[in-house]
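Residue numbers (numbering that gives the first Met the number 0): 0 to 290.
Where is the CB? At the ideal position from N, CA and C, for every residue including glycine.
As the structure is a prediction and not an experimental result, all values here were calculated from the model.
Beneath this line is the structure, given in C-alpha cells, with notes to follow.
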Amino acid sequence: MTETLNSKNTAAENLTVKNLPILIALIPLCVFSAAVSSSPLHSILVFAVSVAWCFIFETLGQKLLKQKLLAHDLTAVICGLELALLLPEQIQLWQVILGALVAIVAAKLFFGGNGSYVFSPALIGRAFLFVSFKSAFSESKWLFPCGDEKQAVWAMALIAAAFLYLVVMKAISPESAASAASYAAVLLAACILYSLISGEEILPSAAGFMASGAVLFMADFIITDPTILPDSALGKILYGAFTAILTFIIMIPGKTQDGAMFAILIMNAVAPYFNQKKKAKVPAANAGGAK
Numbered sequence: 000m001t002e003t004l005n006s007k008n009t010a011a012e013n014l015t016v017k018n019l020p021i022l023i024a025l026i027p028l029c030v031f032s033a034a035v036s037s038s039p040l041h042s043i044l045v046f047a048v049s050v051a052w053c054f055i056f057e058t059l060g061q062k063l064l065k066q067k068l069l070a071h072d073l074t075a076v077i078c079g080l081e082l083a084l085l086l087p088e089q090i091q092l093w094q095v096i097l098g099a100l101v102a103i104v105a106a107k108l109f110f111g112g113n114g115s116y117v118f119s120p121a122l123i124g125r126a127f128l129f130v131s132f133k134s135a136f137s138e139s140k141w142l143f144p145c146g147d148e149k150q151a152v153w154a155m156a157l158i159a160a161a162f163l164y165l166v167v168m169k170a171i172s173p174e175s176a177a178s179a180a181s182y183a184a185v186l187l188a189a190c191i192l193y194s195l196i197s198g199e200e201i202l203p204s205a206a207g208f209m210a211s212g213a214v215l216f217m218a219d220f221i222i223t224d225p226t227i228l229p230d231s232a233l234g235k236i237l238y239g240a241f242t243a244i245l246t247f248i249i250m251i252p253g254k255t256q257d258g259a260m261f262a263i264l265i266m267n268a269v270a271p272y273f274n275q276k277k278k279a280k281v282p283a284a285n286a287g288g289a290k
C-alpha cells in the first residue's frame, strides 16, 4: 500500500514538474497583456478570477466525479491563464467564472480529465462565452494587442521566446513544435498567396497579422496540447497544416479573427484520424487455420 501511494505521489510530482515550464512561459505574456491593457487592474482581476475558479471547479469536480485529485498538477492554473489570455479586455468577471466552469467541467472533467479530453478546454470556454455573449466580443480587442504594430511585434517576440523556452525545456516535443511551425507557416503562406492573387491588402505587416487574434499564441500553446495532437510525427505536421488552411478559410473570406478558434476546435474533433492505422496481426495459430 505504501509503495502504491509513493508511486502515485511520484507520478503527480512528475506531472507538476513537467507543467511548471508552461506556467513560467505564460507569466510574461500575462504581464505584458495586462501592461498594455486600457485597464490593467481589470486585466489582473480577470487572470486571478480565471485561475482561482478553474482550480476550484477542477478540485470540486474531481471529488464529485470521484476522479483522482490532480488540481495541484498546475493544469487548472495553466487552463485559467490560457482562458484569460483568450478573453476580451472588458469581459465581466462573472462571465469569466462561467467560462472557467465550462472549460473545466464540460470540456475536461466530463471527458475523463487530464489526458482524456477531446477539445481544448480553454478554447471551449472562450467559444461558449463568444456564442453566449457575442456583444462583449465584437467591441473588445484581445488581451494580446493587435491595433498597434509595435505592440504586435512585442507580443510576437514574447510568444516566440516562450515557445523556444518550452522547446529547450522539453515541455514541447520536437514533433509538437513541428505542428505549431506548420500551422504558422501554412497560414502565412496562404495569406501571402491570397494577397498576390486577389490584390487585397490583408497583410499590412506579417508581424501584425500573425500577432492579431492571438494566432501565434494559439499555434504555440493550444495546438501543441499533447492530449489532442495525433500520435505520429507526420500526423502532427499534417494536423497543423490543415488547421491553418481551415483557419484561413474561416478568417479571411469570413473577415473574422475568430477563425483560428473555430478551426482548432473543428480539427480537435478529427485529430484521431491523422493517426497512422496499424494492421492487425493475425495470430500464428490461425495463420492458415480454420475459417
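- Query: Among Lys169, Val167 and Ala218, which residue has its Cα nearest to the Cα of Ala183?
  - Reply: Ala218
- Query: Where do the N-terminal and C-terminal ends of the alpha helix (DSSP H) with Lys235 fall, by residue?
  - Reply: Ala232 to Met250
- Return the first residue and the last residue of the alpha helix (DSSP H) that Ile77 is part of. Thr74 to Leu84
- Item | Span of the alpha helix (DSSP H), counted from its first residue to its last, around Val101 | Segment: none, Val101 is in no alpha helix (DSSP H) and carries neither H nor E.
- Query: For Pro27, which of helix, strand or coil comes out of DSSP?
  - Reply: helix
- In whole angstroms, what is the alpha-carbon distance linking Ala232 and Ser175? 8 Å
- Report the rounded CA-to-CA distance for Ala73 versus Leu165, giving the unit in angstroms. Checking the sequence shown, residue 73 turns out to be Leu, not Ala. Straight-line Cα distance between these residues: approximately 16 Å.
- Using alpha carbons as the reference points, say which of Ile26, Ser37, Lys62 and Glu57 lies closest to Phe46. Ile26
- So which of Phe132, Phe109 and Leu64 has the shortest CA-CA distance to Val95? Phe132
- Query: What residue from Glu81, Ala51, Phe54 and Ser37 has the CA that sits closest to Ile221's CA?
  - Reply: Glu81
- Message: Report the CB separation of Ala314 from Ala102 in whole angstroms; it is logged as a contact under 8 Å.
- Response: Limits of the chain in this structure are 0 at one end and 290 at the other, which puts residue 314 out of reach.
- Query: For Pro87, which three-state DSSP category applies?
  - Reply: strand
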